[in-house]
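Numbering (the numbering used here), first residue to last: 94 to 341.
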Amino acid sequence: MVGYERLRIYFLSRRDHTLLGKPFLPGTSYNHILKIYECDAKLRAVCFSVVGQFEVLLRNRISEELSARFGSHPYFDPKAFKTKELHLEALQKLTSVYNSSKDKRAKHYKDNYSNPPLPAIWTLKEFLTFGATSRLLKALDGPLVKAVAADFGVPTDQMLENWVEALVDLRNVCAHHDRLFNRTFQKQPQRYQNAGVPAAGVPNNKLRALILCLDHMMTARGASVQLDAVVKKILTKYPEVRLAEVGY
């Protein structure tokens, strides 16, 4: 059963806001609104799944680059970070993540080791949320992040940080069962002009722009999922959704 307040935003999208009383647009029915809601749920599910796959790939790649350059416990090396302040913030965040983790691997390390006070990066990365991973990425030294970016087909460290931040926003929308349909995203991906990502004509503040960035990085990393094609297939089954409302 879906409550009225949950459906209200979908109802609003099918009212004529230029007329007194904001009547429903011709052809709108309760079933019409339910179909839009059903489509939105499917969009959330597939986007959440692929963003989750990307998150794991990103954490792994950051861990690989950090350990290759700075050893098993790179968080204690200031050269791994942009500034002293960012180093301190990252160390505090990683310590908090580790101390609050209920993961059995964290408990095993706490029970058996006290020095170093944090486990190796290849273990600690498993406790990071996507948001924490994004903040860590922004704190790390530019050349290191650029090396990670290159493996995801992104030309600069700043662009990778920007795209990841936008995908964290997408992930949070999906995780909280919020609306993707007709959403205007506040965090928008920079355009990678040379690669045509997002494609010309695709609004940066709509879902498809994020999907195209995600597809680009997954393909570059050798884990192509063709999310754009999957979403297009879903949309063909729901003519009640206007393609422009999700950037198509």
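Note that beta-carbon positions come from the ideal geometry of N, C-alpha and C, so glycine has one too. The structure presented is a predicted model; accordingly, all values stated were derived computationally and were not measured.
Check                                                                                                                                                                     : Outcome
Identify the residues that DSSP records as bridge partners of VAL290: which are they?                                                                                     : TYR285
For a quick check, are the C-beta atoms of MET311 and VAL149 less than 9 angstroms apart?                                                                                 : no
Is the beta carbon of LEU151 closer than 9 angstroms to that of VAL247?                                                                                                   : no
Quick check on the DSSP output: the alpha helix (DSSP H) that includes PRO236 runs from which residue to which?                                                           : 235-244
Under 8 angstroms by Cβ, that's how I've got LEU303 and LEU263 pegged, so tell me the actual separation to the nearest angstrom.                                          : 5 angstroms
Given TYR202, which residues of its chain have a CB within under 6 angstroms of its CB, disregarding the five upstream and five downstream residues?                      : PRO212
Could you give the DSSP three-state label for ARG272: helix, strand or coil?                                                                                              : coil
Count the CB pairs spanning the region 232-242 and the region 114-127 that are closer than 8 angstroms, and state whether there are at least three.                       : no
I'd like to confirm the pairing. Which residues does DSSP put opposite ARG162 in its beta bridges?                                                                        : Answer by DSSP bridge pairing: none, since ARG162 is not bridged.
Among GLN279, ASN192, HIS269, whose alpha-carbon lies nearest the alpha-carbon of ALA134?                                                                                 : HIS269
Going by CA-CA distance only, name the one from LEU328, ILE126, PHE245 that's closest to ARG314.                                                                          : PHE245
Pick helix, strand or coil for PHE223, following the three-state DSSP scheme.                                                                                             : helix
Helix, strand or coil: which one does DSSP assign to ARG108?                                                                                                              : strand
Look at the Cβ atom of LEU328, then the Cβ atom of CYS140, and state whether they are nearer than 9 angstroms.                                                            : no
Report buried or exposed for GLN319, applying the criterion of at least 16 other Cβ atoms within 10 angstroms of its Cβ.                                                  : exposed
Need the endpoints of the alpha helix (DSSP H) that ALA208 sits in, please.                                                                                               : According to the sequence as given, residue 208 is Asn; it is not Ala. Unbroken run through ASN208: none, as it is neither H nor E.
Considering Cα atoms alone, identify which of LYS197, LEU118, GLN281, CYS306 is closest to PRO291.                                                                        : CYS306
When the Cα atoms are used, what is the spatial distance from LYS177 to PRO171?                                                                                           : 7 angstroms
Helix, strand or coil for PHE141 per DSSP?                                                                                                                                : helix
Select from SER317, VAL95, ASN287, ARG276 the residue whose C-alpha is nearest the C-alpha of GLY340.                                                                     : ARG276
Looking at the C-beta of ALA138, does it have a partner C-beta in chain C at a distance below 9 angstroms?                                                                : Looking for chain C here will not work: only one protein chain is present.
Which residues in the same chain have their Cβ closer than 6 angstroms to the Cβ of SER194, if we skip the five residues on either side of it in sequence?                : PHE220
Can you find the residues in the same chain that come closer than 8 angstroms, C-beta to C-beta, to LEU229, ignoring five residues on each side of it along the sequence? : ILE155, ALA183, LYS186, LEU187, LEU221
Check the C-beta distance from ILE126 over to SER160 and give it rounded, since I have them as a contact under 8 angstroms.                                               : That belief does not hold up - the Cβ atoms of ILE126 and SER160 are roughly 51 angstroms apart, past 8 angstroms.
When you compare each of VAL95, THR249, LYS330 to ASN287 by their alpha carbons, which one comes out closest?                                                             : THR249
Specify the secondary structure class of PHE169 as computed by DSSP and reduced to three states.                                                                          : helix
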